[in-house]
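Residue numbers (my numbering): 33 to 441. All remarks here apply to the structure that follows.
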Amino acid sequence: MSIFTKIITALILAFVILGSAYVSMILSAAWLPTPTGFVAFSVAFSLALGLLFARILFGSFRKPRVLRNALIGSASISLMWGLLLIGWIFRPLQGTNPSTPQEQTEAQHITVQGLHLALRHYTPDSVAFPFTVVYLHPGPGNFGTENTSVDRLMRALASYGMQGLVYDRPGEGLSQRLEDPSGYTPELQLQVLDALLRGLPTGKAVLLGDSYGARLGVRYAAAHPGRVAGLVLLSPGPLYTNPWDPFKVSLYTRLSQDQKKEVNKLRTNARILTAHLLSQRNALAGRRFLPDAEADPYFSSMFRELSPGGLCDPNDTNYAYGNCGFWSSLWTDRREYGDTIAVPVLRDSIPALALRGTCDYLPERVMRPYFRVLPFLKAELLMDRGHLMVHEDPEGLAARIAIFLGEGK
């Protein structure tokens with residue numbers, strides 16, 4: 033065997049061993065849920081595989097020189113794997129949590145379903161409506177109490193005499209994170225919402241659902257129609273996420289080329305890919321590999337780069353930012369994906385209004401399931417408004433919502 037052939041063979045084997053070490057690390061997370069455990073296993077696996085290949089290529093290890101070369105080669109490959117782990121897979125993510133305005137950091141915290149949730153109450157000078165408007169923020173993985181545009185919206189609604197409530201869902205915004213990410217489910221979100229609504233002094237609520245919050249609000253109204261006085265849906269997201277008919281659009285599609293470059297810099301990251309793969313084997317292993325303190329600032333930075341795509345003017349970079357929840361977003365999305373559980377038609381005469389903007393990145397057909405399950409749904413198209421319309425005109429939205437809710441008084 034020529035020297036050139038040996039070099040090529042060694043390189044091929046090195047790539048095979050390194051790839052196998054990565055796969056072994058992912059697979060071992062199922063029973064070794066700590067980074068120390070699955071990394072140690074992958075290093076040992078790479079060393080053993082290197083010795084196995086050396087045994088196949090060079091035969092018996094009886095000759096000291098063959099054994100020495102095999103050990104050196106295997107140890108070198110294991111060292112390469114260790115360097116890849118340190119410099120590539122375990123390299124800390126780049127991302128920053130936004131600074132939270134002082135008035136948002138003073139949000140109240142209460143315990144619901146054993147979880148500490150951040151929320152804000154809005155009380156008018158004079159109560160004119162017999163219900164509480166509960167804002168359901170976008171997501172999964174987004175925030176509510178830190179959003180200054182939402183604060184303006186709720187203050188404007190309070191000026192019309194409406195009591196209001198904004199809260200961050202578990203694992204999002206300023207609310208508590210779960211130890212095990214697999215606990216982030218649509219069912220948990222509905223249970224938390226139900227517990228909050230049961231504690232309202234007004235007894236009933238108008239659910240103000242924004243994007244994913246619209247889906248959550250409709251599902252809750254279908255399960256508990258007696259507790260819902262009305263539905264207001266802002267830029268509704270898909271009521272179902274059918275894998276056979278996905279919406280081939282996202283905030284990314286409306287970005288400029290320069291904006292897309294910034295998003296792509298964050299997307300192409302081996303650490304994020306590894307966290308995804310590990311969590312598929314063991315959710316706890318994924319979170320221990322990529323803890324919230326690192327994942328959430330990264331995810332907040334990603335949302336900050338994507339948010340201009342949700343505005344009618346994609347050059348508007350003044351969108352209100354907050355603390356996003358990476359693992360809540362990932363696991364709730366996984367549970368939602370492919371979920372085609374039918375939402376029953378709401379026979380109760382719950383008034384419902386849907387507001388969409390002409391610049392919404394989602395197609396008009398996203399509304400069809402809503403019309404099927406909400407017989408009394410009214411829909412309006414707002415000119416020069418994007419998906420994140422709360423940011424663009426919170427006071428104008430409050431005026432339109434007040435008119436709609438005042439019609440039923």
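For each residue, glycine too, the CB sits at the ideal point set by N, CA and C.
Once DSSP output is grouped into helix, strand and coil, what is the label at residue i?
i    : result
I142 : strand
R123 : coil
V375 : coil
Q134 : Note on Q134: pLDDT 44, under 50, position unreliable in the model; the coordinate value appears next. In this structure, Q134 counts as helix in the three-state DSSP scheme.
A61  : coil
Y272 : coil
H419 : coil
L232 : coil
L406 : coil
L265 : strand
D446 : Since the first and last residues shown for the chain are 33 and 441, residue 446 lies out of range.
S158 : coil
P67  : helix
D277 : Per-residue confidence for D277 stands at a pLDDT of 46, beneath the threshold of 50, marking its modelled position as unreliable; the derived number appears in the next sentence. DSSP places D277 in coil when its eight states are reduced to three.
F77  : helix
P346 : coil
G105 : helix
Y252 : helix
F163 : coil
Y351 : coil
S56  : helix
S381 : coil
S282 : coil
L316 : helix
L43  : helix
L287 : coil
Alpha helix (DSSP H) containing residue i: first to last residue?
i    : result
L239 : Careful: L239 lies outside any alpha helix (DSSP H), inside the beta strand (DSSP E) at 237–242.
E396 : No alpha helix (DSSP H) contains E396, which DSSP labels as neither H nor E.
G389 : No alpha helix (DSSP H) holds G389; the beta strand (DSSP E) holding it covers 384–389.
Y330 : 324–338
A307 : 302–313
L362 : 358–368
R432 : 426–438
So, under 8 Å CB-CB, residue i and residue j are touching, yes? Tell me the CB distance rounded to an integer number of Å.
i    : j    : result
E427 : L387 : Their Cβ separation, rounded to whole angstroms, is 14 Å, which puts E427 and L387 out of contact at 8 Å.
Y252 : L222 : 6 Å
G357 : R209 : 7 Å
L45  : F85  : 5 Å
S311 : P202 : About 17 Å separates the two Cβ atoms, so there is no contact after all.
P346 : R286 : 6 Å
E396 : L343 : With 8 Å as the limit, E396 and L343 do not qualify as a contact, their Cβ atoms being about 19 Å apart.
V198 : V238 : Going by Cβ atoms, the distance from V198 to V238 rounds to 13 Å, so no, they are not a contact pair.
L420 : L378 : Contact doesn't hold; Cβ gap of about 27 Å is too wide.
P67  : L271 : Actually they do not touch by this definition, with Cβ atoms about 39 Å apart.
G231 : A246 : That pair is no contact at about 23 Å.
Q145 : V224 : 5 Å
A139 : L229 : Their Cβ separation, rounded to whole angstroms, is 19 Å, which puts A139 and L229 out of contact at 8 Å.
D18  : S267 : Outside the modelled stretch of the chain, which goes from 33 to 441, sits residue 18, for which no answer is possible.
Can you tell me which residues form a DSSP beta bridge with residue i?
i    : result
K292 : K292 pairs with nothing; no bridge assigned.
V260 : A237
E412 : L387
Which residue comes first and which comes last in the beta strand (DSSP E) that contains residue i?
i    : result
L147 : 147–154
So that I know if they touch, is there some Cβ in chain C lying closer than 7 Å to that of residue i?
i    : result
A431 : No chain C appears in the structure shown, which is made up of a single protein chain.
Taking 6 Å as the cut-off, is the C-beta of residue i nearer than that to any heavy atom in the ligand GDP?
i    : result
C391 : No copy of the ligand GDP appears in this structure; indeed no ligand is present at all.
Exercise. Fully enclosed by the segment 165–223, which beta strand (DSSP E) runs are 3 residues long or longer?
Worked result: DSSP assignment within the segment 165–223 yields the following whole beta strand (DSSP E) runs of 3 residues or more, N-terminal first: 195–199.
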